[in-house]
Amino acid sequence: MRQKHPLNIKMPETTEDSVLIDKKLAKKMRINICKEVPNEVLSSILMHMGFTQIKKMLLVSKEYLNKIRNCYFLWKNKCEPYGLPFLRSNTEFLSIIRKNKYLKQSWKKGTDERRCCVVTNQTDITQMVSTDKYVISSSDDQTIKIFSYNGIYIRTLIGHLGGVWCFCSDGKYLISGSTDKSIRIWDSSTGWTIKVLTGHRSTVRCLKIYEKLIISGSRDSDIRVWNYEGDCLHILSGHSASVRCMDINDKFLLSGSYDGDVILWDYKNGKTIKKMARHSNRVYSVVLGKNYIASGSQDATINLSKIDGGLIAVLRSHRLVVAWLFLVYGIKEELKYEKYIITSGADGYVCKWDIMTGNLIYKISENEQITSMFVICDLLIVSTVYNVKMYDLKSGKFIRFLKKNVSGVYKVIGNDRNIIIGFSEDVTPNIEIISNIVHLNKKIKLTL
Numbered sequence: 037m038r039q040k041h042p043l044n045i046k047m048p049e050t051t052e053d054s055v056l057i058d059k060k061l062a063k064k065m066r067i068n069i070c071k072e073v074p075n076e077v078l079s080s081i082l083m084h085m086g087f088t089q090i091k092k093m094l095l096v097s098k099e100y101l102n103k104i105r106n107c108y109f110l111w112k113n114k115c116e117p118y119g120l121p122f123l124r125s126n127t128e129f130l131s132i133i134r135k136n137k138y139l140k141q142s143w144k145k146g147t148d149e150r151r152c153c154v155v156t157n158q159t160d161i162t163q164m165v166s167t168d169k170y171v172i173s174s175s176d177d178q179t180i181k182i183f184s185y186n187g188i189y190i191r192t193l194i195g196h197l198g199g200v201w202c203f204c205s206d207g208k209y210l211i212s213g214s215t216d217k218s219i220r221i222w223d224s225s226t227g228w229t230i231k232v233l234t235g236h237r238s239t240v241r242c243l244k245i246y247e248k249l250i251i252s253g254s255r256d257s258d259i260r261v262w263n264y265e266g267d268c269l270h271i272l273s274g275h276s277a278s279v280r281c282m283d284i285n286d287k288f289l290l291s292g293s294y295d296g297d298v299i300l301w302d303y304k305n306g307k308t309i310k311k312m313a314r315h316s317n318r319v320y321s322v323v324l325g326k327n328y329i330a331s332g333s334q335d336a337t338i339n340l341s342k343i344d345g346g347l348i349a350v351l352r353s354h355r356l357v358v359a360w361l362f363l364v365y366g367i368k369e370e371l372k373y374e375k376y377i378i379t380s381g382a383d384g385y386v387c388k389w390d391i392m393t394g395n396l397i398y399k400i401s402e403n404e405q406i407t408s409m410f411v412i413c414d415l416l417i418v419s420t421v422y423n424v425k426m427y428d429l430k431s432g433k434f435i436r437f438l439k440k441n442v443s444g445v446y447k448v449i450g451n452d453r454n455i456i457i458g459f460s461e462d463v464t465p466n467i468e469i470i471s472n473i474v475h476l477n478k479k480i481k482l483t484l
């Protein structure tokens, strides 16, 4: 169905349509649209249009060309879904949007890719993280290994006396948690241990860092808040079983536990804010948005709640544990908001839900357990036990295989320029790094 504008005007398909829209708007509003409408109002009108439609509007006249090119709020709005920085130059906005669209096209087609594969020489891969410079993997063999994006081995971090089950990095420092009950702060550039944090009574199961704070969740049911000097600032007590997962932002910490509880915390002040709707079984995944939160459980449901604790919906379509959650954002009135949630788990299903209605938009059925998923350039990357696939995030349509028929896939992670696959081949752990090497400084001939 053809999209309609709020003023009941058909979206432009040709330049002639654009000229006609100009006349209709002028007639309806009794003003010269291009000359008299403030940028904020014009941007609100144009935000409902796609890039191709906007380009046709640019061709109406030089007056329109200059007005739209300098419509700052429009380009700010168009850039935010890409996670782009707050730029002051509209020329930069247009350039980056073009480059990001080209990057997405390149990923879909598999062009401009460079692949390298490294053997980690670890017994397995328990966690992977990518930074600006490095790809890092941890193992049950007590080691953490660092590689470049070219697949070059950099160094091994040795110090834990048990398997390393979780870690995170801010680029300069790496924070790791282990079955030895300790947390270590490492200097990423030297591999030296800076601090060893002790206090947990069991395995450190999950870690988060925000600014200069470290938050650790343990099988001892406690969450601890630390600074980089090694001081334990707060102990967050409220769970009665292992803390399995956490998410964090500048204000709140959200935790999920094997006791079925989901708790929202003021982690900076060490206070419980609210216990959210609980599950009837273990919680394996949580995600924290600005306005909404969600939790996935072994009871095969997803609880979707407002940040104030009000339960909106219990999403039911999975049959087994829901282990992966991902929020997809939209833009409304120049504000970023949670629009969809992607869920997946052990039953092999990937579901996309509308957060506002709780309706299921699409359901992808795999024939095997899903081991991880993430989103890159509006593309959904899904790893199963033996394969890694790419889907269109909007429609759920299959695009291509990234890895096929391996012995096992541990996890897939990445960023806009790299997809990193941790997998085993003949029981040997490997990391394959797929880098998009498109030269973004060249002139890109691409239609908006």
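Counting from 1 along the sequence shown, just add 36 to a position and that's the residue number in our numbering. Quick reminder that beta carbons are idealized off the backbone N, C-alpha and C, glycines included.
Residues that residue i bridges to, as DSSP identifies them
{"i": "residue 336", "result": "According to DSSP, which records beta bridges pairwise, residue 336 is partnered with nothing at all."}
{"i": "residue 151", "result": "470"}
{"i": "residue 323", "result": "330"}
{"i": "residue 203", "result": "212"}
{"i": "residue 465", "result": "460"}
{"i": "residue 290", "result": "283, 300"}
{"i": "residue 420", "result": "406"}
{"i": "residue 272", "result": "259"}
{"i": "residue 389", "result": "377, 396"}
{"i": "residue 448", "result": "457"}
{"i": "residue 508", "result": "Residue 508 falls outside the range modelled here, since the chain spans only 37 to 484, and no answer is possible."}
{"i": "residue 170", "result": "184"}
{"i": "residue 358", "result": "381"}
Simplified DSSP assignment, three categories, for residue i
{"i": "residue 352", "result": "strand"}
{"i": "residue 110", "result": "helix"}
{"i": "residue 482", "result": "Note that residue 482 scores a pLDDT of 42, beneath 50, so its modelled location is shaky; the value from the coordinates is reported in the next line. Coil."}
{"i": "residue 437", "result": "strand"}
{"i": "residue 399", "result": "strand"}
{"i": "residue 176", "result": "coil"}
{"i": "residue 101", "result": "helix"}
{"i": "residue 347", "result": "strand"}
{"i": "residue 131", "result": "helix"}
{"i": "residue 363", "result": "strand"}
{"i": "residue 442", "result": "coil"}
{"i": "residue 163", "result": "strand"}
{"i": "residue 138", "result": "helix"}
{"i": "residue 308", "result": "strand"}
{"i": "residue 228", "result": "coil"}
{"i": "residue 412", "result": "strand"}
{"i": "residue 477", "result": "Bear in mind that the predicted position of residue 477 carries a pLDDT of just 43, short of 50, making it unreliable; the figure below should be weighed with that in mind. If DSSP states are grouped into helix, strand and coil, residue 477 belongs with coil."}
{"i": "residue 88", "result": "helix"}
{"i": "residue 239", "result": "coil"}
{"i": "residue 77", "result": "helix"}
{"i": "residue 83", "result": "coil"}
{"i": "residue 197", "result": "coil"}
{"i": "residue 145", "result": "helix"}
{"i": "residue 45", "result": "With a pLDDT of 44 at residue 45, under the threshold of 50, the modelled position of that residue is not reliable, and the figure given next carries that caveat. Residue 45: coil per DSSP, three-state reduction."}
{"i": "residue 95", "result": "coil"}
{"i": "residue 253", "result": "strand"}
Buried/exposed call for residue i, threshold 16 Cβ in 10 Å
{"i": "residue 344", "result": "exposed"}
{"i": "residue 351", "result": "buried"}
{"i": "residue 347", "result": "exposed"}
{"i": "residue 212", "result": "buried"}
{"i": "residue 434", "result": "exposed"}
{"i": "residue 96", "result": "buried"}
{"i": "residue 470", "result": "buried"}
{"i": "residue 485", "result": "Outside the displayed span of the chain (37 to 484) sits residue 485, for which this structure offers no information."}
{"i": "residue 248", "result": "exposed"}
{"i": "residue 260", "result": "buried"}
{"i": "residue 66", "result": "Per-residue confidence for residue 66 stands at a pLDDT of 48, beneath the threshold of 50, marking its modelled position as unreliable; no derived number is given."}
{"i": "residue 296", "result": "buried"}
{"i": "residue 189", "result": "exposed"}
Whole-number beta carbon distance between residue j and residue i, since they are thought to touch under 8 Å
{"i": "residue 268", "j": "residue 235", "result": "6 Å"}
{"i": "residue 274", "j": "residue 299", "result": "5 Å"}
{"i": "residue 142", "j": "residue 451", "result": "So it is not a contact: roughly 14 Å between Cβ atoms."}
{"i": "residue 438", "j": "residue 457", "result": "7 Å"}
{"i": "residue 562", "j": "residue 104", "result": "Coverage of the chain is limited to positions 37 through 484, which leaves residue 562 absent and any answer about it impossible."}
{"i": "residue 414", "j": "residue 140", "result": "6 Å"}
{"i": "residue 113", "j": "residue 83", "result": "5 Å"}
{"i": "residue 325", "j": "residue 363", "result": "5 Å"}
{"i": "residue 222", "j": "residue 229", "result": "6 Å"}
{"i": "residue 224", "j": "residue 165", "result": "That pair is no contact at about 11 Å."}
Would you call the stretch 168 to 186 and the stretch 194 to 201 in contact, with 3 or more CB pairs under 8 Å?
yes
Given 8 Å as the limit, is there contact between the stretch 411 to 423 and the stretch 147 to 159, that is, 3 or more CB pairs closer than that?
No, because fewer than three Cβ pairs between the stretch 411 to 423 and the stretch 147 to 159 fall closer than 8 Å, the two stretches do not touch.
On the three-pair Cβ rule with 8 Å, is the stretch 374 to 385 touching the stretch 397 to 414?
yes
Does the pairing of the stretch 314 to 324 with the stretch 278 to 298 give three or more beta-carbon distances under 8 Å?
They touch, by the three-pair rule.
With a threshold of 8 Å, are at least 3 pairs of Cβ atoms found where one atom belongs to the stretch 154 to 161 and the other to the stretch 448 to 467?
yes
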